[in-house]
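Chains as they are written, first to last, in the UniProt record's numbering: chain A, 1 to 345; chain B, 1 to 345; chain C, 1 to 345; chain D, 1 to 345.
Protein chains: 4
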Amino acid sequence: MIKIGIVGGTGYTGVELLRILATHPQAQLTAITSRKEDGVPVAQMYPSLRGRVDLAFSSPDKANLNACDVVFFATPHGVAMAQARELLDNGVKVIDLAADFRMQDVAQFEKWYGMEHSCKDLLSEAVYGLPELNREKIKKARLIGNPGCYPTTMQLGFAPLLKAGVIDAGNLIADCKSGVSGAGRKAEIGILFSETSDSFKAYGVAGHRHTPETIEQLQTMTDKEVSLLFTPHLVPMIRGMHSTLYAQLNQDISNEALQALFEDAYKDEQFIDVMPFGSHPETRSTRASNMLRIALHRPGNGKHVVVLVVQDNLVKGASGQAVQCMNIMFGLAEETGLQHVPINP
Amino acid sequence: MIKIGIVGGTGYTGVELLRILATHPQAQLTAITSRKEDGVPVAQMYPSLRGRVDLAFSSPDKANLNACDVVFFATPHGVAMAQARELLDNGVKVIDLAADFRMQDVAQFEKWYGMEHSCKDLLSEAVYGLPELNREKIKKARLIGNPGCYPTTMQLGFAPLLKAGVIDAGNLIADCKSGVSGAGRKAEIGILFSETSDSFKAYGVAGHRHTPETIEQLQTMTDKEVSLLFTPHLVPMIRGMHSTLYAQLNQDISNEALQALFEDAYKDEQFIDVMPFGSHPETRSTRASNMLRIALHRPGNGKHVVVLVVQDNLVKGASGQAVQCMNIMFGLAEETGLQHVPINP
Amino acid sequence: MIKIGIVGGTGYTGVELLRILATHPQAQLTAITSRKEDGVPVAQMYPSLRGRVDLAFSSPDKANLNACDVVFFATPHGVAMAQARELLDNGVKVIDLAADFRMQDVAQFEKWYGMEHSCKDLLSEAVYGLPELNREKIKKARLIGNPGCYPTTMQLGFAPLLKAGVIDAGNLIADCKSGVSGAGRKAEIGILFSETSDSFKAYGVAGHRHTPETIEQLQTMTDKEVSLLFTPHLVPMIRGMHSTLYAQLNQDISNEALQALFEDAYKDEQFIDVMPFGSHPETRSTRASNMLRIALHRPGNGKHVVVLVVQDNLVKGASGQAVQCMNIMFGLAEETGLQHVPINP
Amino acid sequence: MIKIGIVGGTGYTGVELLRILATHPQAQLTAITSRKEDGVPVAQMYPSLRGRVDLAFSSPDKANLNACDVVFFATPHGVAMAQARELLDNGVKVIDLAADFRMQDVAQFEKWYGMEHSCKDLLSEAVYGLPELNREKIKKARLIGNPGCYPTTMQLGFAPLLKAGVIDAGNLIADCKSGVSGAGRKAEIGILFSETSDSFKAYGVAGHRHTPETIEQLQTMTDKEVSLLFTPHLVPMIRGMHSTLYAQLNQDISNEALQALFEDAYKDEQFIDVMPFGSHPETRSTRASNMLRIALHRPGNGKHVVVLVVQDNLVKGASGQAVQCMNIMFGLAEETGLQHVPINP
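Structure below.
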């Protein structure tokens, strides 16, 4: 059994970790911290976990995280970087669901997250936790920067095209849509039911933190300079993410060959489903599961390829992906504890 | 492995059976019938099942249901009664998710369902499939009438009070609310998104089929004549059912004693959660799981007890309960394949 | 033109007042206060009002409310009672959308609202602003306590029955359901989209402030002692309220006679629609309008009458009713500025 | 008063016309046809119209449409073309909300709508009913092809840029999102609440009928050849449309100059709101009103301009625009009957 600690388990990625780990056959949840909820049973805050999670939240100073095998940070940006060093020194692996260890470019991090990076020396050993693109490094990693939700879809959707060199890397557009849970569990008026239900909007159009993270990764796939225009939108649904990716083909290539690029790239992946060419995946086809689905289109058989990518932002886009990384790091079968069938309807 | 057939798998209870059985360790899905979808892979109709269910729908005449150990009917009312006899004669157990075998009173059935009962002789051996109230009979049953969704909540909510004789059986009120999936997967204008979203209404107030079914069961719990006023409502949510039950106390009884009635009645039940007195359960705390949660209230410490009951109408209210019955009938641990943690958020 | 001030215009009843008054032919909006938003144009906070409302919020000390003809308080409970005296002394009429002037029973107010009433002497002249039941007093009023949303539906639904003496006043049950906007525009986790969408729950079952308000009013309609069991629920929709009222008949009475009680009571009312006996009104049939619809049922032709009442909680349940009161107080046609057709779909 | 007929008033554009016309001071609704609902009072089908619309549906043969001043077709494609000739010959103006008279290119029409055009000779006098771009022609028109919902947003969003020649006409991308009401009021499983709620998807990515309609209009604005990639998506909300438009700048131009292009183009328009540069309009800011809002972005001050356009698909995207055309055709002030303030929340 893997002894697991969770720092900051009161948000949505935290409770989703708890849901997944509650039925993970190798997981032994040993500590979950929350400064504000010290002593409160987890199941009191989240009645969905009554009878399934017996632990109470404990304040960070009381929890003995150093005795864990792995600690997940489901915290705001900036927390993991303050605590990772000590944990690693005690032989504890660290998986950060926030942004602290996602980007190698410290200047970009500091610009977009508005804080100094207090743990730069660990960055070089931090591994970007996207298993389908980075599995070998994850196997040996002690410290994982778990990808952002949007970047997961953009990378997995553009990767086969970029690696094959069939699109113009300098002109990528990603029009992405997320459910409201992506904004977190915070007392903010902008994400109230009455403010977001029955409405739709874009946000962060001028610039969003997930752009530099994604570009840094996409750049590793090609010699050409990557330029990405990323536009996030808010959908009145709880979970789910849909990315509509636009790329211009730089050569004559058949639809079959495009489809083959994706099927080859992901043929051994359990959590990536390349659907038949021309499909329209719905976000709900991945709801509450670790699946990500991809479908290709070639409107008017023209110069653009359109890639549709869907996932559950809290699972493959966050906590499921983190558990997938944990499984890899500990030599478990990658799908262990992650075989939830999507909920439909 | 239990060889399983599903008749009529294209509706919501059908696809929910498929979701549950896909990870049930003892279930071997061998046939699923649909006249209209003959030959269509299940996963084509339900992309959420891609990679998880390999079967195709087959027309009823082609499917060899007689070779199954158990057949579920996820069909409209009236189908199971036409086919149950032959299956039973071939040693196949039958679980009907429709109403054909729920009620012993044929006249009531025929009045409320508007059809003649074509298989009356089997009714006497049909067992009402509510495990928490009828477990011993289910163990030996060949033929199960799986309870309606509303009746499940009303029975489990009133039972401890009725059995203890502390309420007036002649004056029960059940104000119940269901998500839209309870209306099924039918091409009807009344359940379109644009017709039901952002709105709320009652329906069937003058009389609903679940009233006689519930009264027949409640009557077995008391010598007094049961009278029940049941009002269903439609909630703009996909899944979930909330029943607000009102009963008048006929004696002086403390809140602690009331609470104890419920805790005692359900202390060994894995799928019934008696919450602390005065709790307000949310339907989402049971979402996509087989849990049913109950909380008691005593407004103003007056003469009424109010029982709040929540469940997922498609799971404990339908397909989960059916699998729970199957587990009991085949001697499996009752929770086998039913340990999904509710989805939150 | 009526010069109008609004105190606390940043909440949902405030912005709804602004929407209604923007097309009211006799309304001249002259001041709107908000301590926090001083100087911010209303239309910046509410883009829906761009081009329709030119005013900016001003801090209370800067706004010259004494120059208004009427001031609406769309504030938390306790604000109007502190300012009403001065306004009245300056000849300004006051309509409070909060609870300060709804109840004559100070002890009940202080118990349920947890604050001392600082303006008890004005209570005796305060008029309860439910026009259909209190029109004559509203005509002459200087100070209005605008009814709560739930109480509006309960009073209008029970009144014809109570006044005719055909029901048992001592055993009223009101199972009520409200859209989330009823909880206001506050930064609270409990009303986030991800917490309330796709779920349903009861709240305040043990006791709710709207019970004493409603009982105080219902008691004026009958000599018998009124007892009311009121259970509020939260529906995942923005606007709308549905009250399901249960009463026991104390005499033999035909359905036609019951229906006639309502049709007679409301035959001259423009904002009350008594639907055909046995109808199931949807909340959306009143969306964004000042209409309230009522339908009667007699399940099984038994001893209970069930009254279904729907309204938009922000209009007839709050701001629309307040404007209706204003129209009456200033001698305008009651429907002035309130003829919005409900939005469907 | 203008005598008005509506053909096919049972769909969403029909009932929205009824809502708008019910308070239009110059409109006299004289006939509304529906083959299936002959004799049924409109208010019985749409309780939201109780007390506001007294008419009953009549079958087309009984309705004397020739006595109207104008007839709206709120019908499926193909109906208006069969009846327009006779109406025009009788001096009745015609406004078709379907596609019959939107496109001059018959071949494109027949390809995309899968039917022969039975009234080609009238096409040359048909006027495309987008007032902000075509007002002078609408003034004199007898026959209007009312624009599609998506095309309205794409044209109004691209027009100032295309006309000024500052973008590459050959590389336009429109990523558009619509509420479910855009799919109409049809008994189809794909638009059930349980199928569309809490999910998001693209559709028609390979090609959609609104592309040729839009290109035909955009082409009139520039000498360059227009190429448009249009991707529609379905949002789980009733009303609302959000178009995210991407264009590449072909010259050095400041953000101020871009903004000025839009402010100048629409400075006299009552129904177009050019928001401050960098705004994020929400669809709800136009809910149930005839407003369309536009905001410009220049991500990273790069080569792309991103135009965000929102409207209510049933108002400015359909019935409101049709009434706006009617007002122009009959010499009324353009805003007559269209001054609804958007509903918020």
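All residues carry an ideal CB built from backbone N, CA and C; glycine is no exception. If you're wondering where the values come from, they're calculated on a predicted model, not measured in any experiment.
Within chain B, the residues placing a beta-carbon under 9 Å from that of C:Thr244 are Asp175, Ala202, Val205, Thr231 and His233, ordered along the chain. In the structure shown, the three-state DSSP call for D:Tyr266 is coil. Taking B:His77 as the centre and dropping the five residues before and after it, the same chain places the C-beta of Ala98, Ala99, Asp100, Tyr113 and Met115 closer than 8 Å to its C-beta, in chain order.
Runs of the alpha helix (DSSP H) spanning 4 or more residues and lying entirely within the UniProt domain "Semialdehyde dehydrogenase NAD-binding" (3–141) of chain A occur at 12–22, 42–45, 80–89, 106–113 and 131–140, in chain order. The beta-carbon separation of A:Ser194 and C:Ser181, rounded to 5 Å, stays under the 8 Å limit for a contact.
Of all residues in the UniProt domain "Semialdehyde dehydrogenase NAD-binding" (3–141) of chain A, none has a C-beta nearer than 8 Å to a C-beta of chain D.
Secondary structure at B:Tyr203: coil, using DSSP grouped into helix, strand and coil.
Cα atoms of D:Val305 and C:Ser118: separation of roughly 57 Å, rounded to the nearest angstrom. One thing to note: B:Val205 has its Cβ within 8 Å of the Cβ of C:Pro299.
Per DSSP, the beta bridge partners of B:Tyr246 are B:Ile173 and B:Val306. Around the Cβ of A:Asn290, a 10 Å sphere holds 16 or more other Cβ atoms; the residue is buried. Under the DSSP assignment, C:Leu156 falls outside any beta strand (DSSP E), being part of the alpha helix (DSSP H) whose first and last residues are Cys149 to Ala164.
Between A:Met237 and chain D, the shortest Cβ-Cβ separation is below 8 Å. Comparing alpha carbon positions, the residue from C:Thr13, C:Pro151 and C:Lys163 closest to C:Lys177 is C:Pro151.
For the region 272–306 of chain D, the set of residues with a beta-carbon nearer than 8 Å to any beta-carbon of chain B is empty. Annotated three-state conformation of A:Ile328 is helix, per DSSP. For the C-beta of C:Val180, the chain A residues within less than 9 Å are, from N- to C-terminus, Leu192, Phe193, Ser194 and Ser197. Below the 7 Å Cβ cutoff, chain D contributes no neighbours of B:Ile343, its closest Cβ being approximately 11 Å away. Closest option to D:Lys186, judged by alpha-carbon separation, among D:Gly11, D:Val7, D:Gly5 and D:Ile4: D:Gly11. C:Lys303 is positioned such that its CB atom lies closer than 8 Å to that of C:Leu249. Comparing alpha-carbon positions, the option among B:Lys224, B:Thr196 and B:Gln155 lying closest to B:His210 turns out to be B:Gln155.
Per DSSP, the continuous beta strand (DSSP E) segment holding A:His297 begins and ends at Leu292 to His297. Between A:Met326 and A:Val166, the CB-CB gap reaches or exceeds 8 Å. Contact annotation for D:Gln339 against chain C: Thr23 [CB-CB distance below 7 Å, chain order].
The C-beta of B:Met1 has fewer than 16 other C-beta atoms within 10 Å across all chains shown, which makes the residue exposed. Chain D has a Cβ within less than 8 Å of the Cβ of A:Gly240. Around the beta carbon of D:Arg293, 16 or more other beta carbons lie within 10 angstroms, which makes this residue buried. By the CB criterion at 8 Å, A:Val307 and A:Leu314 fall outside the cutoff. For C:Ser34, the number of other beta carbons within 10 angstroms of its own is at least 16, and it is reported as buried. Contact of A:Ile144 with chain C is not assigned, every C-beta pair being separated by 8 Å or more. Apart from the 5 residues on each side of it in sequence, D:Ile191 sits with its Cβ closer than 7 Å to the Cβ of Val180 and Ala183 in its chain, given in chain order. Rounded to the nearest angstrom, the gap between the Cα atoms of D:Leu88 and D:Ala126 is 11 Å.
Close CB contacts of D:Lys93 within its chain, under the 7 Å cut and outside five residues either way in sequence, are with Asp69, Val70, Arg142 and Met329 (chain order). Residue pairing of B:Thr231 in beta bridges, as defined by DSSP: B:Asp175. Under DSSP, A:Glu282 forms a beta bridge with D:Lys201.
Looking only at A:Lys120, A:Asp121 and A:Cys149, the smallest Cα-Cα distance to A:Gly129 is reached by A:Cys149.
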